[in-house]
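Asks: Numbers in our numbering are just positions in the sequence shown, counted from 1, shifted up by 492. Using N, Cα and C, we set each Cβ at its ideal position, and we do this for glycine too.
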Amino acid sequence: MTAKTIEEKEMSTATAYKNIRTATEGAIAIVTLNRPQVLNALNTELMTELADAMQAFDHDEHVRVIILTGGERAFAAGADIKEMAEESTVSMMLRDNLAIWDRIRFIKKPIIAAVSGFALGGGCELLMMCDIVVASETAQFGQPEINIGVIPGAGGTQRLTRVLGKYRSMEIILTGRPFSAKEAFDLGLVNKVVPVEVLLDEARAMATEIAKKSPLAVRLAKEAVLKTYEMTLNEGLQFERKSFYMLFDSKDQKEGMRAFMEKRPANFTGR
Ligand code: DAK
């Protein structure tokens, strides 16, 4: 992959979105949050566009991996406080933004978050809906909702606790304190911390590696790992076994195993 920037590539990619940018590079789709003037605050319009774009890439057979990123200063500084400030319980319930967020939760293709700068509140929750997180050394994480009189509302209390355990998660959510990329790495919240200049290249390298695999196997592997959160060990093991057996009806399984025996790289077609 050349060091071409996303911006350069996007000049040839026309999109109708106002708050995000999208581009494809072969089998990799890149979605960039783009409201820099408010540090990519996640308002309803942006979240709707994000869910639309993610779903479109999920249905696009040429795309195998999605990278979700923001700007250098902010991945996203949370849900848009100005949009929410005067809402009531009823209006929040009627607006039902969680339904939009859920559309991202159900994306079947792997999503790699490439995070630089602020990833706070809903921004941190958004990256926790991704499957792999690469962070720049300047990334800053946190669940600061407690500072504005609310609590995390898009999965923070649940997903952060599953990753960090009760005590560390409790401290982060009750104090609202931000934490660095290094701490996030030590806590197991991010896969890798890299200099900001190579953040996207690192995400691309991971995406390129995953894009070479059988998309069917990748899809079932993602589904099986996520089942850990919802099933008992016994149910999860049964789900895994059935998914494993299912793959033996695919051309990719035959191709993968034959390629191994013939000592050549496999060419997976997703069939
Ligand atoms: N919302 C709206 N605008 C924001 C924003 C936000 N979250 N974060 C920053 N901005 C805006 C600022 O207002 C400012 O705009 P202007 O005043 O210039 O018009 C601009 O971005 C630059 O920000 P600052 O001037 O504040 O920049 P600083 O470098 O001084 O500070 C900061 C950066 C990130 C530390 C600070 O902006 C900050 O503390 N931001 C708020 C962080 C925060 O509290 N985030 C959590 C929000 S609550 C749900 C889904 C999601 C959620 C809940 C439910 N459902 C589906 C049910 C999520 C909730 C949240 O995320």
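1. Secondary structure at glycine 634, three-state DSSP: helix, strand or coil?
2. List the DSSP bridge partners of glutamate 517.
3. Does the distance from the CB of isoleucine 643 to the CB of isoleucine 664 come in under 9 Å?
4. Pull up the distance between the alpha-carbon of leucine 538 and that of threonine 524, whole angstroms please.
5. Tell me whether asparagine 639, by its Cβ, gets closer than 8 Å to a heavy atom of the ligand DAK.
6. Just the Cα atoms here: how many angstroms apart are leucine 542 and isoleucine 512?
7. Give the C-beta separation of aspartate 741 and serine 706 to the nearest angstrom, bearing in mind that I take them to be a contact with Cβ-Cβ under 8 Å.
8. Below 8 Å on the Cβ atoms is my contact criterion, and I expect alanine 627 with alanine 673 to pass it. Report the Cβ-Cβ distance as a whole number of Å.
9. Going by DSSP in three states, leucine 612 sits in which element: helix, strand or coil?
10. Within the present structure, is the beta-carbon of glycine 615 separated from the nearest heavy atom of the ligand DAK by less than 8 Å?
11. So, helix, strand or coil for threonine 724, using DSSP?
12. Looking only at its chain, what residues have a beta carbon closer than 8 Å to the beta carbon of leucine 586, apart from the 5 residues adjacent to it on each side?
13. Distance check for arginine 696 and isoleucine 520, CA to CA, integer angstroms please.
14. For a test of the three-state rule: what should DSSP assign to phenylalanine 549, helix, strand or coil?
15. Compute the Euclidean distance between the alpha carbons of arginine 756 and lysine 714, then round it to the nearest angstrom.
Replies: Taking the definition as stated:
1. Position 142 of the sequence shown, counted from the first residue, corresponds to residue 634. Residue state, collapsed to three classes: strand.
2. Position 25 of the sequence shown holds residue 517. According to DSSP, which records beta bridges pairwise, glutamate 517 is partnered with Ile520.
3. Your numbering for residue 643 matches position 151 in the sequence shown. Your numbering for residue 664 matches position 172 in the sequence shown. Not a contact, by the Cβ cut-off of 9 Å.
4. For the purposes of this step, residue 538 is taken as residue 46 along the sequence shown, with counting starting at 1. For the purposes of this step, residue 524 is taken as residue 32 along the sequence shown, with counting starting at 1. Leucine 538 and threonine 524: Cα-Cα distance of roughly 11 Å.
5. What you label residue 639 is simply residue 147 of the sequence shown in a count that begins at 1. The answer is yes for asparagine 639.
6. Position 50 of the sequence shown, counting from 1, holds the residue named residue 542. Position 20 of the sequence shown, counting from 1, holds the residue named residue 512. The straight-line gap from Cα to Cα measures roughly 7 Å.
7. Working through the sequence shown from its first residue, we reach residue 741 at position 249. Working through the sequence shown from its first residue, we reach residue 706 at position 214. Contact doesn't hold; Cβ gap of about 12 Å is too wide.
8. To locate residue 627, count along the sequence shown from 1; it is residue 135. To locate residue 673, count along the sequence shown from 1; it is residue 181. That belief holds up - the Cβ atoms of alanine 627 and alanine 673 are roughly 4 Å apart, short of 8 Å.
9. What you label residue 612 is simply residue 120 of the sequence shown in a count that begins at 1. Leucine 612 falls in the strand class under three-state DSSP.
10. Looking up residue 615 in the sequence shown gives position 123. Checking the Cβ of glycine 615 against the ligand DAK gives yes.
11. Indexing the sequence shown from 1 puts residue 724 at position 232. Three-state DSSP puts threonine 724 in coil, outside helix and strand.
12. The count along the sequence shown starts at 1 and reaches residue 586 at position 94. Excluding residues within five positions, none has a Cβ falling inside 8 Å.
13. Locating residue 520 in the sequence shown gives position 28, counting from the first residue. Locating residue 696 in the sequence shown gives position 204, counting from the first residue. In a straight line, the C-alpha of isoleucine 520 is about 8 Å away from that of arginine 696.
14. For the purposes of this step, residue 549 is identified with residue 57 of the sequence shown, where counting begins at 1. If DSSP states are grouped into helix, strand and coil, phenylalanine 549 belongs with the helices.
15. Here residue 756 refers to the residue found at position 264 of the sequence shown. Here residue 714 refers to the residue found at position 222 of the sequence shown. Rounded to whole angstroms, arginine 756 to lysine 714 spans 26 Å at the Cα level.
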